[in-house]
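Going from the sequence shown to our numbering is simple: count from 1 and add 2. Ideal Cβ positions, reconstructed from N, Cα and C, are used throughout, including at glycine.
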Amino acid sequence: MCRSGTAMRLTALTLLALLLTACGAGGGQDAQKGGRKPVFPVQVLEVQGGTVEYAISSTGSVEAFEQVLVTARVRGVIEKVNFREGQEVNPGDILVEIEPQRYRNELEAAQARLDKADASLKDAQAGLKRREDANRQTPGIFSPDEVESWRNRVNSAKADVSQATADVKIAQLNLRDAFATAPMAGIIQSRSVQSGAYVQPGALIATLLRRDPLLLRFTVDEDEARSLKQGQQATFTVTDVDQPLKAVLTHIAASASSRSRMVEVIAEVAPEDRERVRPGTFARIRIVTGSRDNAPAIPQTAVRPTERGFVAFVVENGQARMRLLTLGLRTEDGRVEVREGVKPGEKLVVRGAEALKDGVAVKIDEPVQPQDK
């Protein structure tokens, strides 16, 4: 009797457990069937339209228009140096004096030799004339040999005058060159001599830079060069000047370098900016070649590459919508122009797009402000 009751209780517990298990399984299936689709949190930015500039960027350097090596043209001791580094000079300014008194003396000596040669020539010409006149009045009074001898004297005296004249000119040049002068307006870049030094012709005295005009030299690739022309405006920045500086394109090389395939470009720095930069400075150049108004520009981080092309997601009615994009210019502030795919005013997903597919439900968190993108 006791065994029978125990068996009945075990059977009842077993049936209850099976019933509860069946009920639990049925409830899970109902919950799964009635479960909600996942909602993805995203942050969005309203697409804004504006003016997008098409620009070419490059790097280069500021250069002096001309660099001249001022050298000695005569030998001698430098008696006086009239310049220092960084000094502005004008054409004809005397930089150094190389024994000018010695070259004055040489000029005076050469002039004296010329005067003597002139006097000898006049005497020879007068003697020849007297003999020729006498022979005309009294033929045969002077022998032909004597007349010919005086003619030779005249010719020799003329040669002496020519030589003395050349010596005077050389002495004049030497005296002029004893005062080494600036050949053009510019700034003294370096000084290579000291007072008392002995120099030979060709010895370097100073390096002179011509800053008017001041040049900007850089290169662009062949495709970019096609959109450039002389007279086009450019801006550039240097490390020690806060504001952009201006320049005008003056030369675009007719052909690219056979090695680098780059095209050399030269621009003149605007007159008002010449004193703000110095030759040799590294520069970052920007040339605007066109613009587009009311063009949507979005953060480059919102663009995703796919097999179909570049895409981005926008939010419409609580759902993510994938848009195939046609991209244009990339701007310097990290944005990219969108020529087709999104329009100003749409809500662009800028964060949380990694797991999105077209049509999935999304929840917009706090919108991203343009400065936070």
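Across the segment 58 to 70 and the segment 205 to 213, are there enough close Cβ pairs to call them in contact, namely three or more that are closer than 8 Å?
The segment 58 to 70 vs the segment 205 to 213: in contact.
For Thr333, name the three-state secondary structure that DSSP assigns.
Coil at Thr333, not helix or strand.
Count Cβ pairs between the segment 71 to 88 and the segment 272 to 291 that sit closer than 8 Å; are there 3 or more?
Result no; under three Cβ-Cβ pairs closer than 8 Å.
Look at the Cβ atom of Ala249, then the Cβ atom of Val265, and state whether they are nearer than 8 Å.
No, they are not a contact pair.
Is DSSP giving Leu97 helix, strand or coil here?
In the structure shown, Leu97 sits in a strand (DSSP, three-state: E or B).
In the DSSP output, which residue or residues are listed as bridge partners for Lys124?
Paired residues: none, contrary to the question.
Sorted by chain position, which residues of the same chain lie with C-beta nearer than 8 Å to Glu108's C-beta, five sequence neighbours on each side aside?
Taken in chain order, the residues that qualify are Ala173, Asn176, Leu177.
Do Pro298 and Val46 have their C-beta atoms closer together than 8 Å?
Contact: no.
Using 10 angstroms around the beta-carbon of Thr221, count the other beta-carbons present and answer buried if the total reaches 16, otherwise exposed.
So Thr221 ends up on the buried side.
Evaluate Gly343 with the Cβ neighbour count: other Cβ atoms within 10 Å of its Cβ, from every protein chain shown; 16 or more gives buried, anything less gives exposed.
Label assigned to Gly343: buried.
For Ser260, which of helix, strand or coil comes out of DSSP?
DSSP places Ser260 in coil when its eight states are reduced to three.
In chain order, what residues of the same chain have a beta carbon less than 7 Å from the beta carbon of Leu326, not counting five sequence neighbours either side?
Excluding sequence neighbours, Leu326 sits near Arg310, Gly311, Val313, Gly343.
Under the assumption that Pro246 contacts Thr239 (Cβ atoms under 8 Å), give the Cβ distance between them as a whole number of angstroms.
Contact flag correct, Cβ pair sits at about 5 Å.
Have a look at Val41, Val267, Ala159, Ile366 and flag the residue whose alpha-carbon is nearest the alpha-carbon of Ala126.
Residue Ala159 is the option with its Cα nearest to Ala126.
DSSP has Leu251 in a bridge; who is on the other side?
Answer is Ala269.
Just to check, is the beta-carbon of Arg115 closer than 7 Å to a non-hydrogen atom of the ligand PLP?
The ligand PLP is not part of this structure, which contains no ligands at all.
Note the first and the last residue of the continuous beta strand (DSSP E) segment covering Thr140.
Counting along the chain, Thr140 falls outside any beta strand (DSSP E), and DSSP gives it neither H nor E.
CA-CA distance, Gly26 and Leu329?
Note that Gly26 has pLDDT 39, beneath the 50 cutoff, so the model's placement of it is unreliable and the number below is only indicative. The straight-line gap from Cα to Cα measures roughly 55 Å.
Give me the Cα-Cα distance between Pro146 and Asn137, rounded to the nearest whole angstrom.
Taking the straight line joining both Cα atoms gives about 9 Å.
Buried or exposed for Asp360, please, with buried defined as at least 16 other CB atoms from any protein chain shown within 10 angstroms of its CB.
Asp360 should be labelled exposed.
Can you pull the DSSP bridge partners for Glu48?
Its beta-bridge partners are Lys349.
Contact check, Val317 vs Ile366 under 8 Å by CB: the rounded distance?
Contact holds; Cβ gap of about 6 Å.
With DSSP collapsed to three states, give me the class of Arg5.
Unreliable placement is indicated for Arg5, whose pLDDT of 43 sits below 50; the coordinate value is still reported in the next sentence. Residue state, collapsed to three classes: helix.
Taking Thr239 as part of the beta strand (DSSP E), name the residues at either end of that continuous run.
Run containing Thr239: 235 to 239, per the beta strand (DSSP E) assignment.
Please classify Ala322 as buried or exposed, where buried requires at least 16 neighbouring CB atoms within 10 angstroms.
That one is buried.
Would you kindly work out how many angstroms separate the C-alpha atoms of Ala91 and Thr183, rounded to a whole number?
Per the sequence shown, the amino acid found at residue 91 is Val instead of Ala. Roughly 10 Å separates the two Cα atoms.
Roughly how many angstroms separate the alpha carbons of Tyr56 and Arg86, rounded to a whole number?
Tyr56 and Arg86: Cα-Cα distance of roughly 46 Å.
Taking the continuous alpha helix (DSSP H) assigned at Ala159, which residues delimit it?
Counting along the chain, the alpha helix (DSSP H) containing Ala159 begins and ends at 146 to 179.
Ser194 to Leu206, Cα distance in whole Å?
Roughly 6 Å between the two C-alpha positions.
Near Ile100, what residues of its chain come up, given a Cβ to Cβ distance below 6 Å and the 5 sequence neighbours on each side ignored?
Once the five neighbours on either side are set aside, the close Cβ partners of Ile100 are Val76, Gly78, Ile80, Ala180.
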